[in-house]
Amino acid sequence: MRENSLSIIIPLYNEEDNIAPLHTRLQEVLGAMDTPYEIIMVDDGSRDGTADRLRELAQRDPRVKVIHLRRNFGQTPAMMAGIDAAEGDILIPMDGDLQNDPADIPRLLAKLAEGYDVVSGWRKDRQDHPLKRNLPSKVANFVISKISGVHLHDYGCSLKAYRKQIIKDVKLYGEMHRFIPIYATWQGAKVTEVGVTHHPRVHGVSKYGIDRTIKVILDLIVVKFLDTFAQKPMHLFGGFGLVSVFIAFLMFLLMLYLKIFADKSFIATPLPLVVTLFFLMGFMSIFMGLIAEILMRTYHESQNKPTYIVDKTRNCSCKD
42 MRENSLSIII PLYNEEDNIA PLHTRLQEVL GAMDTPYEII MVDDGSRDGT
92 ADRLRELAQR DPRVKVIHLR RNFGQTPAMM AGIDAAEGDI LIPMDGDLQN
142 DPADIPRLLA KLAEGYDVVS GWRKDRQDHP LKRNLPSKVA NFVISKISGV
192 HLHDYGCSLK AYRKQIIKDV KLYGEMHRFI PIYATWQGAK VTEVGVTHHP
242 RVHGVSKYGI DRTIKVILDL IVVKFLDTFA QKPMHLFGGF GLVSVFIAFL
292 MFLLMLYLKI FADKSFIATP LPLVVTLFFL MGFMSIFMGL IAEILMRTYH
342 ESQNKPTYIV DKTRNCSCKD
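Per our numbering: the sequence shown = residues 42 to 361.
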C-alpha cells in the first residue's frame, strides 16, 4: 500500500445487522479521500449471521479483509488480530455497532497531520445510559488519567488514529486496548484527542456489563506496575519486604520490652504471631522481587530487547 495508507480495524461480535450499513458509510467517507485504504473486520466468534455477512462482503469488496476467530476471545484480542494483519501506515480502530461515525475519520487524520502520533476520540455527547454507562465511564476516565499521567476525557472510545510505528510492537491482553495511548506515551508519542460524534445503538445490544469495569480496574493496576516497576520490580517487592521485616523487628523489640519490664509472657500477647507474620511476608516479598528481576532480565535478554528506545541518530551506525 502507498504511504499514509489507512487500515480501518473493526472487531465484531453478533453485529450482523450493522455490517452492511457500516460498510456503506465507510465507503462513502473513504471513497471521497485520495488515500488508499483497507477495512479489516474481525469476527470475534459471533453466534449469529455475522460470519456469513462478512464472507459475502469480502467477495464483493476486495478491500475488505475478514478474520474469523475460532471463538469469542474479547474485544482486545480481536483488535490485536486486526492490528497484526494491518498493512496501512495509519491504524484506525472503531466499533462495529454504528455508534462511532466514519465521518469523523477525516478529522482524526487532520489532527494527526499536525504532528501527533495518536489521536483519541472523545464522545462529548455520549448516547448511552447516563447512570449505567456514562457516569461509571467518567469516573473511570478520571482515575485512569490521574494514575497514568496521560490525561484524556474518553479512554473507552474505540475510534482512534495511530501511526503504525508507534504501536507495532505493542502486545495487548485483557481489556488493555483502551490503554494504547498510555503505551504510546511510553514510546515518546505525542497524544491528543478530538471530539467525535456518538450515535445511539440501533441494531443489537451492548455486550458490556459491570464486570468489564472490574476488569478495566485490574488491568489499570497492571499498566501502572509496568509503567513504574517493569524494569525494576525489586524496588516494589523489595521495598515492601524491607518495611515488613522492619515492622517485625520493632514488634520483636516491643515483645522483649513487655517480657523484661512488664513481666508479660510471650503468649499473653499476639506479638509473637505478628512478628512471625511480618517477617515471613517480608522474606517472601524480597524473594518474589528476586524472581521478578530474573524474569525481566530473561524477557529482555532472550529476545535481545533493549531497555531503551532510540528516536534519531546522527553520525552513528546504530539503529534508529
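Each residue gets a CB set at the ideal place from its N, CA and C atoms; glycine is no exception.
For clarity, every value in this text was computed on a predicted model and none was experimentally measured.
| DSSP state of glycine 162 mapped onto helix, strand, coil | The residue given as residue 162 occupies position 121 in the sequence shown. Of the three classes helix, strand and coil, the one that applies to glycine 162 here is strand, per DSSP.
| Three-state secondary structure (DSSP) at asparagine 59? | Looking up residue 59 in the sequence shown gives position 18. Here asparagine 59 sits in helix by DSSP.
| Best match in Val243, His244, Tyr203 and Ala303 for proximity to valine 232 [C-alpha to C-alpha] | Along the sequence shown, read from residue 1 onward, the residue named residue 232 stands at position 191. Nearest of Val243, His244, Tyr203 and Ala303 to valine 232, Cα basis: Tyr203.
| Where aspartate 75 and aspartate 158 are concerned, what is the direct C-alpha to C-alpha distance, given to the nearest angstrom? | Taking the sequence shown and counting its residues from 1, the one referred to as residue 75 is at position 34. Taking the sequence shown and counting its residues from 1, the one referred to as residue 158 is at position 117. Whole-angstrom Cα-Cα distance: 21 Å.
| field | Selected residue, minimal CA-CA separation from glutamate 234, among Tyr224, Arg242, Ala303 and Leu193 | value | The residue given as residue 234 occupies position 193 in the sequence shown. If we check each option's Cα against that of glutamate 234, Leu193 comes out closest.
| task | Note down, in chain order, each residue of its chain lying with its Cβ closer than 8 Å to the Cβ of asparagine 182, except the 5 sequence neighbours on either side. | result | Your numbering for residue 182 matches position 141 in the sequence shown. These residues qualify, in order along the chain: Leu193, His194, Asp195, Tyr196 and Gly197.
| field | Classification of alanine 127 by the beta-carbon crowding that lies within 10 angstroms, buried from 16 upward | value | Numbered from its first residue, the sequence shown carries residue 127 at position 86. Result: buried.
| DSSP state of leucine 399 mapped onto helix, strand, coil | This structure cannot speak to residue 399, because the chain is shown only from 42 to 361.
| Cβ contact (3+ pairs, closer than 8 Å) linking the segment 311-329 and the segment 283-297 | yes
| Any 3 or more C-beta pairs closer than 8 Å across the segment 269-280 and the segment 326-337 | Touching, per the Cβ criterion.
| Roughly how many angstroms lie between the CA atoms of isoleucine 308 and glycine 279, to the nearest whole one? | Along the sequence shown, read from residue 1 onward, the residue named residue 308 stands at position 267. Along the sequence shown, read from residue 1 onward, the residue named residue 279 stands at position 238. Whole-angstrom Cα-Cα distance: 30 Å.
| Where does valine 83 land, buried or exposed, given buried means 16+ other C-beta within 10 angstroms? | What you label residue 83 is simply residue 42 of the sequence shown in a count that begins at 1. Answer is buried; the Cβ neighbour count reaches 16.
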